[in-house]
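Asker: Protein sequence lines correspond, in order, to chains A, B, C and D. Per our numbering, residue 5 is the first one in the first sequence, and the count goes up by one each step. Per our numbering, residue 5 is the first one in the second sequence, and the count goes up by one each step. Per our numbering, residue 5 is the first one in the third sequence, and the count goes up by one each step. Per our numbering, residue 5 is the first one in the fourth sequence, and the count goes up by one each step. Structure incoming, see below.
4 protein chains.
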Amino acid sequence: MVSVPGIPDEEFIRGNRPMTKQEVRILTLVKAAIADGDIIIDIGAGTGSLSIEAALMASRGKVLAIEREVTGVELIKANAEKFSVENITPILGAAPEAMENLPTADVVLIGGSGGRLADIVSCSDKLLKPGGRLVINAVTVETLHNALQLTRSMPGYRVEACGVQVNRIHFAGSSSMFQAQNPVYIIACQKGDKE
Amino acid sequence: MVSVPGIPDEEFIRGNRPMTKQEVRILTLVKAAIADGDIIIDIGAGTGSLSIEAALMASRGKVLAIEREVTGVELIKANAEKFSVENITPILGAAPEAMENLPTADVVLIGGSGGRLADIVSCSDKLLKPGGRLVINAVTVETLHNALQLTRSMPGYRVEACGVQVNRIHFAGSSSMFQAQNPVYIIACQKGDKE
Amino acid sequence: MVSVPGIPDEEFIRGNRPMTKQEVRILTLVKAAIADGDIIIDIGAGTGSLSIEAALMASRGKVLAIEREVTGVELIKANAEKFSVENITPILGAAPEAMENLPTADVVLIGGSGGRLADIVSCSDKLLKPGGRLVINAVTVETLHNALQLTRSMPGYRVEACGVQVNRIHFAGSSSMFQAQNPVYIIACQKGDKE
Amino acid sequence: MVSVPGIPDEEFIRGNRPMTKQEVRILTLVKAAIADGDIIIDIGAGTGSLSIEAALMASRGKVLAIEREVTGVELIKANAEKFSVENITPILGAAPEAMENLPTADVVLIGGSGGRLADIVSCSDKLLKPGGRLVINAVTVETLHNALQLTRSMPGYRVEACGVQVNRIHFAGSSSMFQAQNPVYIIACQKGDKE
């Protein structure tokens, strides 16, 4: 078993990119059941916040972080350096094309799909080892719906899903204000053990 | 029975002030059971969005809109003009002092209390007619807690409360994104019929 | 303009059927912009709670309440009697077949579709007058997704949508517990004014 | 660093007791920053679900699980046996009295306070080592409010808080229904490093 670092959001270098918030990162990684030594593919890695924590959890494993924006890849590198993480390989490109030639994986995380979710899920299925985990984060109705349709129709996969809405409490003087974060849906799938 | 206008948020003139959003406005006004002819006191009226809809509902009644910022009073006036509402009287001042000399009321709405909630609730109780309604909107833990403590301890009042969290669906191209709004708690109280 | 009654949930006769809760009923009806005199078609009327409040709002109009279960139709009749509402006609049957021979309508409410949403929306479009409103309540990912797809692709319709999650505050002794209700998505559409 | 097990809810033996759900358990434990070897005090341990996962995380440490109901203590023992966890000591009794004679701790978790929150927080402060973590789960307005008041006034503590609302997606045939869980507020505090 390996730990979830739970790094606070503000410690990541993020430019002006959207970033998966701490609570959702934590739940995504625990539902991905990351083990030390795991090979993890992070698709739509963005700032790399999820990749960094995954790499810390799988310290003897490796994270392949696919990101289609150059500024994203730079943020991943900057964060990897800041947190002294050496087992991340940023890959500039768009999935599923950028997934070609990748090794088989224990975990695939999908944070962004650029409208190619069906191809990416199909490609992830091919790369996933038996017993491997596929975890999709959805922030749109379409991704939520399509992720459920696609994964529930894959033979041998066990699928569970939940929506998480976090309200941070913001202290302003003696007041404690409820401050909403956008809800994120987490679709967590486990591939069957037999080929 | 009178209608709830349900004016869209973007139709109000609001400057850069925070504003109660449409869904919360609607629920607040229906829970206040506003009837035509009602005298309504709106405390912490802000942009006047709640006051405007209340005034439209109680067209033969009157809304007294207490607001401590001059810019707020100006927004209330501008919105009253825009929606051709003549039965609103903006009152520049802070409650509870600004509640002195007000007539007895059918409804008191509390949207902001400036840390004086206990005095305002006590003063509202004195102004409310038998059977009158007191509805408090809370966006902080302290206001929620104190509103419940204060109102539940007032003899003869029936109190109910709920929290409302709205996620607007934002259309961006073919995507429909979940977009969180801060939760608001609505504490709705009805004074007993007997003096 | 007409009022939203906002009847408390416990006042409806409901047997053991699920029922749209008060806050969602209120928002649905206000977003449907029901006016007195309106012809309203309520599809999947269930206990009739939405139909009853719509009928009270449109007192000189009429509500046609389609419900495919006999027990549902009986609940609608029982509630109509309890609230002395005479302008509701319960129709036993499944939409869209049960929508044949209905008059043109100002408002169509869809609370349940039995897997026939596309046909029901298409049929609703034919029945709706110019400027008419179509409001869909969704409690599943599929209905939310399909309702957005279908309505956003209908020429001349303006579509907005939001999710509403209510947490009732339950008083137990001196404690005030947060008590979740299932979220409901409201898809509100307005047909263009021109044919 | 140590892992968060993330045991599914249905694997715990729970009788008919309420239980902290998986997602909230995970976030509570990560925010408590449990390290292997930690001494952890779990107050209001209930079924022991939080204690079990904490004990697995701190395998060379120890969890002291205070629970005032005999049936609760029996559930903790049954779950400890089921998950082969040997580093939990259930303590039958009510806090703060049951906290007497306990060793100093790295982490105190408060899941239930029986109306004695102020005394329990004060007692936790005395037991916590410098740098130790105090994490309170609140399901009522009063606990949320009081936890914030108490912890924010303790010199040298850093306090953060958030509310978490999870909607599980329930698969019924081809439908995916949103199914609400009650929101839980997590107040996470870290004691200053210096005595």
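We put the CB at the ideal spot given by N, CA and C, even for glycine.
Could you give the DSSP three-state label for glycine 65 (chain B): helix, strand or coil?
Answerer: coil
Asker: At the level of alpha carbons, what is the spacing between serine 128 (chain A) and alanine 142 (chain A)?
Answerer: 16 Å
Asker: Leaving aside the five residues before and after leucine 131 (chain D) along the sequence, list all residues of the same chain whose C-beta is less than 7 Å from its C-beta, in chain order.
Answerer: Ile45, Met103, Leu106, Thr108, Ala109, Val112
Asker: Check whether the Cβ atoms of alanine 122 (chain B) and isoleucine 173 (chain C) lie closer than 8 Å to each other.
Answerer: no
Asker: Is the beta carbon of isoleucine 43 (chain D) closer than 8 Å to that of lysine 66 (chain D)?
Answerer: Yes, the Cβ-Cβ distance between lysine 66 (chain D) and isoleucine 43 (chain D) is below 8 Å.
Asker: In this structure, what does DSSP give as the bridge partners for lysine 195 (chain A)?
Answerer: A:Tyr161
Asker: By DSSP's criteria, glycine 184 (chain D) is part of a beta bridge. Which residues make up the other side?
Answerer: One detail in the question is off: residue 184 (chain D) reads as alanine in this sequence, not glycine. Per DSSP, the beta-bridge partners of alanine 184 (chain D) are D:Asn171.
Asker: Helix, strand or coil for glycine 76 (chain A), going by three-state DSSP, please let me know.
Answerer: helix
Asker: List the residues that DSSP assigns as beta-bridge partners of leucine 113 (chain A).
Answerer: A:Asp46, A:Val139
Asker: Tell me, which residues are paired with leucine 96 (chain B) by DSSP?
Answerer: B:Glu71
Asker: Chain B beta carbons: is any one of them nearer than 8 Å to that of glutamate 27 (chain D)?
Answerer: no
Asker: Provide the residue span of the alpha helix (DSSP H) that contains serine 128 (chain D), from first to last.
Answerer: 121 to 131
Asker: Under 7 Å between beta-carbons, which chain C residues line up against valine 139 (chain A)? List them in chain order, please.
Answerer: Residues of chain C whose Cβ lies closer than 7 Å to the Cβ of valine 139 (chain A) do not exist, since the nearest Cβ in that chain is about 17 Å away.
Asker: Taking only beta-carbon positions, decide if leucine 113 (chain B) is within less than 8 Å of chain D.
Answerer: So, not an interface residue.
Asker: Alpha carbons only, please: which of B:Gly135, B:Ala176, B:Glu14, B:Ser180 is nearest the one belonging to tyrosine 161 (chain B)?
Answerer: B:Gly135
Asker: Which residues, taken in chain order from the segment 130 to 157 of chain A, show a beta carbon closer than 9 Å to some beta carbon of chain C?
Answerer: Val145, Glu146, Leu148, His149, Asn150, Leu152, Gln153
Asker: Isoleucine 190 (chain B) bridges to which residues according to DSSP?
Answerer: Its beta-bridge partners are B:Asn141, B:Cys166.
Asker: Cβ of glutamine 169 (chain B) less than 8 Å from any chain C Cβ?
Answerer: yes
Asker: What is the C-beta distance between alanine 36 (chain D) and valine 139 (chain D), in whole angstroms, given that I count them as a contact (C-beta under 8 Å)?
Answerer: Contact between alanine 36 (chain D) and valine 139 (chain D) holds: their C-beta atoms lie close to 5 Å from each other, under 8 Å.
Asker: Counting beta carbon pairs with one atom in the segment 81 to 97 of chain A and one in the segment 53 to 70 of chain A, are three or more of them shorter than 8 Å?
Answerer: yes
Asker: Listed in chain order, which residues of the segment 8 to 35 of chain D have Cβ atoms closer than 9 Å to some Cβ of chain A?
Answerer: Val8, Pro9, Gly10, Pro12, Gln26, Glu27, Ile30, Leu31, Leu33, Val34, Lys35
Asker: In terms of residues, what are the limits of the alpha helix (DSSP H) holding isoleucine 38 (chain B)?
Answerer: That residue, isoleucine 38 (chain B), is in no alpha helix (DSSP H); it is neither H nor E in DSSP.
Asker: Could you check whether the Cβ of serine 180 (chain A) sits closer than 8 Å to any Cβ belonging to chain B?
Answerer: yes
Asker: With a threshold of 16 other CB atoms inside 10 Å of the CB of proline 94 (chain A), please say whether the residue is buried or exposed.
Answerer: Taking a 10 Å sphere around the C-beta of proline 94 (chain A), we find 16 or more other C-beta atoms and assign the residue as buried.
Asker: Helix, strand or coil for serine 178 (chain B), going by three-state DSSP, please let me know.
Answerer: In the displayed model, serine 178 (chain B) falls within coil according to three-state DSSP, outside both helix and strand.
Asker: Hey, cysteine 193 (chain C) and threonine 155 (chain C): beta-carbon distance below 8 Å or not?
Answerer: yes
Asker: Nearest CA to the CA of glycine 196 (chain B): which residue from B:Gln185, B:Val163, B:Glu101, B:Gly177?
Answerer: B:Val163
Asker: Since alanine 184 (chain D) meets chain C, which of its residues come closer than 8 Å, beta carbon to beta carbon?
Answerer: Counting only Cβ-Cβ distances below 8 Å, alanine 184 (chain D) has contacts in chain C at Gln169, Ala184, Gln185, Asn186, Pro187, in chain order.
Asker: In chain C, which residues lie with their C-beta within 8 Å of the C-beta of isoleucine 173 (chain D)?
Answerer: Val145
Asker: In chain order, what residues of the same chain have a beta carbon less than 6 Å from the beta carbon of glutamate 71 (chain D), not counting five sequence neighbours either side?
Answerer: Ala49, Val77
Asker: Should alanine 37 (chain A) be flagged as near chain D, meaning a C-beta pair shorter than 8 Å?
Answerer: When Cβ-Cβ separations below 8 Å define contact, alanine 37 (chain A) makes contact with chain D.
Asker: Cutting at 6 Å between CB atoms, please list the residues of its own chain near glutamine 169 (chain C), excluding the five before and the five after it.
Answerer: Pro187
Asker: Report the option in B:Ser126, B:His149, B:Arg18 whose CA atom is closest to the CA atom of proline 100 (chain B).
Answerer: Cα-wise, what sits closest to proline 100 (chain B) is B:Ser126.
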